[in-house]
Structures are given as structure tokens and as C-alpha cells.
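Going by our numbering, the first residue of the sequence shown is number 1156, and it counts up by one from there. A short worksheet on the structure shown next.
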Amino acid sequence: MTHVRDQISSSSMRSSTRINCSLFTEYKLVQENILLQNERITQLYVIQSEQNPYLWFGVLFVDSGIYRGAVIRFNMYIDDSYPQCPCPKIVFEPIPYHPLVNPMTGELDTKNAFPDWDSNSRKLFELLLFVKRVIRHADEYIVQVKELILQSSAKNKEDELAPRPTRNQVINRTSSTGNALSDDLINNDNDTLRSQGNVIDNTPSCSNIGTSDGLATRQHGMNQDECRLDENLNKSFTWLHHTMAFIETYENDKAEFVRRIQEFKEKCYEQLLDRPALCGDDRNALVFTPWDMEVHEPIRTCILTGRFTQSSLFAAYHKETDSVSFIPGHSNNY
């Protein structure tokens, strides 16, 4: 409890530009952070934004699978209604070629993995473990997604063959039970109901700023024009078309599939040293710098010789150069 209180106290003394939240929310998010650290997820590093408690920066070092060797950045957006909120959104930058990632917005589809997200029973580290799995084992998800699509298609065919009730039948049925029939379920043409197909497009809408339907532009650094553009992109996109095209390429055009994966890995490498625009002057932003023998070699030696422990690593942030230095073996009294 003391550890949590200390973290909250220190966070309250940060930059005045920081987005505020209630003490209860801050406490819950600190708890989430502690659970995440205790989980010790390898190859994955996540840190909460200093200026926005609902924005977390992440990076994944991929050591296996089709994305092996890539260093993938992503952001986790938590709705400001937390903990009574939907599943946080994971957005990659650059955007990976993946069956569960929207190629226009970079958002990961989490609806099937966490259909009924509840922050009281679900924790952020579970979502981050899912992020790691879908990237490291993308080929397994290709098979699973294909099976889901086939099942969905079969169900749609059954629904199409089933007789549809007429307007009069539905009205009689609902009036006998005393329930009103919603007007938007009735087709204006003839006596048939509007077809209720399985909508696979799970992409968010930015029409409601700061709500679960969008990426909370007020908090996440997107202006209104960018939000409208993002919404238009989402409207023109469906998961079904994207996934089917991905599977088609994976199964029938290996050369093109490999080319797209390699293109994404090259983008990750090219943008690795760039400071993400969304981070601004956030001091918790994940920033990579070129290899510095004097700074990095001692750490590398400690790791390779097994002398690396969490308590023996001291990190210092240098504001004037916007860099972090690490001193192995430094006193842990700070």
C-alpha cells in the first residue's frame, strides 16, 4: 500500500500539463502498473505516459515468428471512464501486415479475445500478453481467423435460407407481448425486415471524442481533422475483406506475403530512432539512440555474463540532451 501511495504522490508533482484523473483512478492505474511489472513479460516494455495517465507507450522486441528481428512500437489507449470502460485500444506504429490489425489505422482487433472486458476481472497485463502472442504467433492466428470466417459464412448462408417474417407478423408478435418494435429494424421497402448480417467491422469511431467509440482525441493528441480522417478510413474498411485478402496472399502468393512482412520490418528499423510525434515532450516516451560504446557496452557485458539484475541498474535522464544513461552496479539508494 505504501508503495502505491508513494507512486501516486510522486506523479502528482509532475508537469502541470499533465491530464488529471481522480485519486481513485490513479490508484487503480498504479495497481495495474505494479501487476504488469510483477508479471515480467519478456521482450515487452511498457511505460505510462507522464502527461496522460490513460496513454501507455509500448515496444515489443520480436524474437520468433514471421516478424522475427522487428522492434515494434505501439500505444495503449485507456478510456477516461476507467475502470468502468471497454477494452483498451492497441494501436501500432508503423502498422504491421497482420490479419488482426487494421491496415489503415493500425488498431488491433481485440473483440474476439476480450468480448466482455471488465477491468475488475481483467487486467492490462492480460491484454499485453495477447499483443505479444498475436505478433509472435501470427501464423496460428491466421488459421484461427480463417476457421471463424468459415463458420460465420456458413451461419450467414443458413440465415439467408431461413424464411424471414413479414412486417405484419413481427408487429403482431411484438404487440401481443406488449413490446414496441424499433423502427430501425424495419425495412421501408415492401413487407420485409432489414437483413441483419454479421458485422465484422469492429473499428472504432471518432465521432464521440473521449469515449469508448474513438481514440479520445482530447487526451491522445489528435485534432478534429485527423479524427474525421480516421473515422472515414474506418468506415471504408471491413475486417472480413482485409482478413480474406491476407489469407489469400498467405496461402497462394508466398513471395508477396514475404515482401510485405519484410517491408514492415524495414519500416520498423528506419523509424526506430525517430521520436514518435504523439509523444511530444513526454519524458516517459520510449526513445532509442544509436549505440554508444561507453554507455551501452557495460550493460551488454553484464547481461551476457549473467551479472545483470534489476537492483544493479541505475538509470538517469538528461533533460538537456533528452537521453537516458545507465550505470551498472550503481547504488540503489535513489
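For each residue, glycine too, the CB sits at the ideal point set by N, CA and C. For clarity, every value in this text was computed on a predicted model and none was experimentally measured.
Can you say whether residue i is buried or exposed, counting buried as having 16 or more other CB atoms within 10 angstroms of its CB?
i	result
Arg1228	buried
Trp1446	exposed
Ile1458	exposed
Asp1264	buried
His1145	Only positions 1156 to 1489 of the chain appear in this structure, which leaves residue 1145 out of reach.
Asp1234	buried
Gln1203	buried
Lys1244	buried
Phe1212	buried
Tyr1424	exposed
Glu1452	exposed
Val1185	buried
Val1298	exposed
Gly1224	exposed
Asn1343	Model confidence at Asn1343 stands at a pLDDT of 35, short of 50, so the residue's coordinates are unreliable and nothing is read from them.
Ser1177	exposed
Ser1274	buried
Thr1460	exposed
Thr1260	buried
Glu1421	exposed
Glu1406	exposed
Glu1449	exposed
Taking C-beta to C-beta, are residue i and residue j nearer than 9 Å?
i	j	result
Leu1428	Val1214	no
Gln1512	Phe1216	The chain is shown only over 1156 to 1489; residue 1512 falls outside these bounds and no answer can be derived.
Ile1454	Pro1254	no
Cys1242	Phe1269	yes
Phe1412	Pro1249	no
Asn1267	Leu1305	no
Tyr1237	Lys1183	yes
Val1201	Phe1443	no
Asn1257	Trp1394	yes
To the nearest whole angstrom, what separates the beta carbons of residue i and residue j, a pair I think is in contact under 8 Å?
i	j	result
Thr1398	Val1300	6 Å
Ile1416	Tyr1252	6 Å
Asn1230	Leu1433	7 Å
Output yes if chain B places a C-beta closer than 9 Å to the C-beta of residue i; else output no.
i	result
Asn1207	Considering every chain present, this structure includes no chain B. It has just one protein chain.
For residue i, is the beta carbon positioned less than 8 Å from some heavy atom of the ligand FAD?
i	result
Asn1439	Absent from the structure shown: the ligand FAD. Ligands present: none.
Q.
Any contact between the stretch 1277-1294 and the stretch 1214-1230? By contact I mean 3 or more CB pairs, one from each, below 8 Å.
A. Verdict: yes, contact present.
Q | Inter-stretch contact at 8 Å, needing at least 3 Cβ pairs: the stretch 1428-1439 / the stretch 1195-1211 | A | Yes, since at least three Cβ pairs between the stretch 1428-1439 and the stretch 1195-1211 fall closer than 8 Å, the two stretches touch.
Q. Pairing CB atoms from the stretch 1266-1285 with CB atoms from the stretch 1179-1195, are three or more of them under 8 Å?
A. yes
Q: Note down, one range per segment and in chain order, each beta strand (DSSP E) of at least 3 residues found wholly within the stretch 1195-1246.
A: 1199-1203, 1210-1216, 1226-1232
Q: Enumerate, from N- to C-terminal direction, the unbroken alpha helix (DSSP H) stretches of 4 or more residues contained entirely within the stretch 1397-1428.
A: 1409-1425
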